[in-house]
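In my numbering, each number is its position in the sequence shown, counted from 1, plus 4.
C-beta atoms are modelled at their ideal positions from N, C-alpha and C, and glycine is treated no differently.
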Amino acid sequence: MRIEDRLRNAKILIVDDDESIVAFIKDALGTFGFNRIDRAVEPDAVLGHIRESGASLVVLDLHMSPVSGLELLERLRSEESPGSTVPVLMLTGDDCVDSRRQAYEMGADDFLTKPVDTVELALRVANLLSAAALRRDLADHNRRLQEAVRERTEELQNLNAALEAEIAERKQVERNLRTTEQRLRFLLSSGPASIHVSLPNPPYSTTFISENVQAQIGYSPEEFLRDPGFWKDRIHAEDAPRLWSNMLALRSQSRAVEEYRFLHRDGSYRWMRDEMVLIRGESGAPIEIIRSWTDVTERRQAEETLSQQAMELASANARLQEFDRLKSEFVSTASHEMRTPLTVIREFALLLRDGAIESDPKEREECFEAIERNCDRMTALLDNLLDFHRIEAGSLNLKRTRVDLNALLEECYRDFVPKCKAKGLHLELDLRENLPPVLADAFLVNQVVYNLIGNAAKFTPEGGRITLRSGARRGIVQIEVEDTGRGIPEPDLESVFEPFRQINRTEGPGMRGTGLGLTISKRIVEEHGGTIEVRSAEGKGACFRFTLPQWSETDGLQAFLADRLSPDSAPQPATLLLIRPTRGEEPSGGLEQYAEIAKTAFRTSDAGLAAKEQGYLACVLQTGMAGAEAALARFTSALSSELPGSSSFEYSLTDLSAIKNIACVFEYAEANWRPVASKHLQTVKS
């Protein structure tokens with residue numbers, strides 16, 4: 005076997021604690037001409053040998069003591085080791101696959117199993133040395149290539165610099181040649197106005213235009229120059245006749261200034277200020293028109309805005325003056341209306357005190373009735389004022405529930421029949437059968453109906469008719485109050501719901517009211533998500549109609565929660581409590597019986613909403629989670645004592661203090677049911 009001379013001169017370091025193996029390896033390798041062979045066993049000696057004299061290859065025994073071959077290999081392959089790149093041939097006396105794999109993973113280059121064949125040993129050593137030499141040659145070659153690339157790069161950079169210098173010189177020459185042209189273009193295009201030159205006769209074709217016209221109106225100069233009628237065809241049709249007339253007059257005046265609308269590329273019209281000068285030739289004949297074109301759209305819009313604002317301010321001022329007049333009239337009327345019942349009350353009270361009518365029981369009864377009637381009159385005035393104040397302050401608290409509207413209207417009808425009969429009016433009730441329930445605050449809806457019937461009675465003469473009607477369409481329920489009274493003049497229909505406005509007011513004595521009833525009614529209806537409108541003609545009566553949303557359990561739950569959350573900007577402690585009877589455990593009285601028990605346990609008359617479709621009782625407690633837990637314990641105790649055997653239920657508690665979107669609250673709450681512990685129930689029952 006032929007070994008190259010440069011390989012025979014390689015330094016080989018044998019690391020083995022077996023003298024016989026070391027001697028065998030030296031003899032075997034010496035046979036093939038490897039004469040530079042050393043031995044080392046201690047780890048520090050191995051690393052020191054490599055550091056001081058170097059080594060081309062290490063033959064390393066796997067099993068040694070006290071330091072194994074794998075531990076020594078790990079030290080050799082560490083980054084700071086001088087032998088990190090030296091080839092390593094591992095030797096072992098067993099043919100263990102795991103040992104071989106571990107050695108390769110730790111950086112061994114080859115592996116031989118004892119006893120070693122002499123020829124194979126020499127070949128493996130020669131191959132490892134050849135591979136190491138080849139790697140060194142490749143590294144040297146790579147360094148030489150990098151140096152060559154570096155030198156070539158410098159040459160190219162120098163050449164490129166020379167070319168750039170030459171190009172820069174040529175560009176400087178070109179810039180110098182264009183200086184005059186650029187200065188002229190700058191003067192023409194740097195200002196807000198574009199410069200036009202056109203022929204002096206229709207269609208006034210453009211012969212030159214500055215480049216800033218594109219930023220101004222969206223079209224390129226080439227578009228103006230290519231089409232002779234380009235400018236003329238884009239004048240606004242309303243401005244064109246005036247402009248053409250003045251363009252013809254330019255022949256005699258030589259100068260003119262026009263403002264007209266021109267079509268922008270984006271489809272809008274811009275106001276343009278066109279300052280024109282007519283240029284004449286030596287013979288005096290017109291040869292061209294030079295024009296300065298400026299976009300004045302913002303100025304025109306500002307002028308129009310200012311004009312509109314001035315009109316709006318004048319209108320607002322008129323409304324404020326009218327409002328001020330109405331307020332003054334309201335104060336005067338309210339003072340009169342309150343003074344009148346107070347005077348009556350005082351006079352009759354004095355009569356009673358002085359005993360002037362003690363002898364006649366009928367007269368005494370009439371005194372008490374007059375006092376009561378005037379107290380009611382003054383209370384109504386104050387209620388209107390307080391309701392209006394609450395609405396204006398945004399503190400009108402709704403308590404929407406499922407309302408049988410026909411039943412509510414029947415109640416209003418019964419209340420007003422005696423009053424209408426006393427005035428000689430006929431009150432009719434026209435209710436639709438099977439009217440769906442509504443989602444509303446019954447007290448406030450009742451107030452709206454009272455206001456509308458009261459107004460109708462006030463302005464309907466004796467012998468007239470008032471009709472209270474209900475109906476439904478497309479998911480909403482509507483209520484109408486129609487009368488055969490004097491009606492409302494058409495100019496007053498738009499202002500009928502304004503505060504302090506009293507339509508059909510008559511001078512002289514008599515009850516006038518505050519002018520707030522319809523305003524309050526409108527706000528109440530709008531708070532319910534409904535609308536109110538009026539149809540009327542003077543002398544033909546009036547019909548007021550308002551709408552309310554139909555009831556659904558989903559909307560009812562959302563309204564129940566929204567109505568009970570604090571309207572203030574600062575959130576108040578509140579907790580949503582859902583109580584659901586365990587299947588088969590609902591009492592015979594249903595969820596309503598749970599609600600009655602909850603009123604006592606939660607110490608409130610507004611205990612909750614019995615959601616039958618959902619199968620639970622929903623309650624909003626004005627307290628935090630700790631207080632809600634205590635209230636739940638009271639409910640559990642009350643339920644166990646009042647309904648023994650029917651107190652098995654689940655519950656869910658949700659903190660509402662920082663709620664942002666009530667639409668998702670019930671979905672969250674329904675996903676967190678917790679059963680009441682049976683042990684707790686037994687304790688309560690016992």
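Closest Cα partner of residue i within the set the options
i           : options            : result
residue 609 : 599, 617, 618      : 599
residue 243 : 227, 233, 262      : 262
residue 621 : 665, 674, 215, 578 : 674
residue 436 : 164, 113, 569, 472 : 472
residue 626 : 643, 639, 641, 607 : 607
residue 58  : 35, 75, 73, 85     : 85
residue 269 : 229, 249, 220      : 220
residue 36  : 404, 125, 136, 94  : 125
residue 296 : 143, 276, 315, 302 : 276
residue 466 : 31, 430, 494, 492  : 430
residue 346 : 383, 325, 366, 319 : 383
residue 254 : 234, 237, 280, 612 : 280
residue 494 : 523, 459, 478, 544 : 544
residue 203 : 232, 215, 223, 178 : 232
residue 502 : 524, 88, 487, 490  : 524
residue 143 : 45, 89, 163, 81    : 89
residue 537 : 500, 278, 167, 31  : 500
Cutoff 7 Å; reference residue i; Cβ partners in own chain excluding five residues on either side
i           : result
residue 439 : 409, 410, 474, 476, 481
residue 670 : 561
residue 24  : none
residue 301 : 274, 275
residue 427 : 461, 466
Those residues which DSSP pairs with residue i across a bridge
i           : result
residue 198 : 297
residue 420 : Partner(s): none; residue 420 has no beta bridge.
residue 266 : 239, 274
residue 475 : 482
residue 432 : 471
residue 284 : 290
residue 548 : 485, 538
residue 324 : According to DSSP, residue 324 bridges with nothing at all.
residue 656 : 582
residue 223 : Paired residue(s): none; residue 223 is not in a bridge.
residue 371 : DSSP output for residue 371 lists no bridge partner at all.
residue 623 : 581
residue 451 : Paired residue(s): none; residue 451 is not in a bridge.
residue 65  : 95
Same chain only: Cβ atoms within 6 Å of residue i, ignoring 5 sequence neighbours per side
i           : result
residue 448 : 528
residue 18  : 26, 29, 43, 63
Beta-carbon proximity check, residue i vs residue j, cutoff 8 Å
i           : j           : result
residue 469 : residue 414 : no
residue 444 : residue 407 : yes
residue 292 : residue 201 : yes
residue 77  : residue 110 : yes
residue 66  : residue 27  : no
residue 456 : residue 548 : yes
residue 284 : residue 273 : no
residue 442 : residue 597 : no
residue 228 : residue 213 : yes
residue 483 : residue 453 : yes
residue 424 : residue 450 : no
residue 579 : residue 657 : yes
residue 485 : residue 460 : yes
residue 116 : residue 128 : yes
residue 661 : residue 585 : no
residue 225 : residue 298 : no
Beta-carbon contacts of residue i that lie in its chain and below 8 Å, excluding the five residues immediately before and after
i           : result
residue 557 : 615, 616, 617, 618
residue 14  : 38, 40, 60, 61, 133
residue 601 : 639, 642, 643, 646, 647
residue 512 : Confidence at residue 512 is low in this model, with a pLDDT of 39, below 50, so its placement is unreliable and no value can be given for it.
residue 521 : 388, 455, 458, 459
Buried or exposed by the 16-neighbour rule on C-beta atoms within 10 Å, applied to residue i
i           : result
residue 92  : buried
residue 565 : buried
residue 313 : exposed
residue 145 : exposed
residue 323 : exposed
residue 135 : exposed
residue 655 : buried
residue 208 : buried
CB contact check: residue i to chain D, cutoff 8 Å
i           : result
residue 135 : No chain D appears in this structure, which consists of one protein chain only.
Any non-hydrogen atom of the ligand SAM within 7 Å of residue i CB
i           : result
residue 676 : Ligands displayed in this structure: none; no statement on the ligand SAM is therefore possible.
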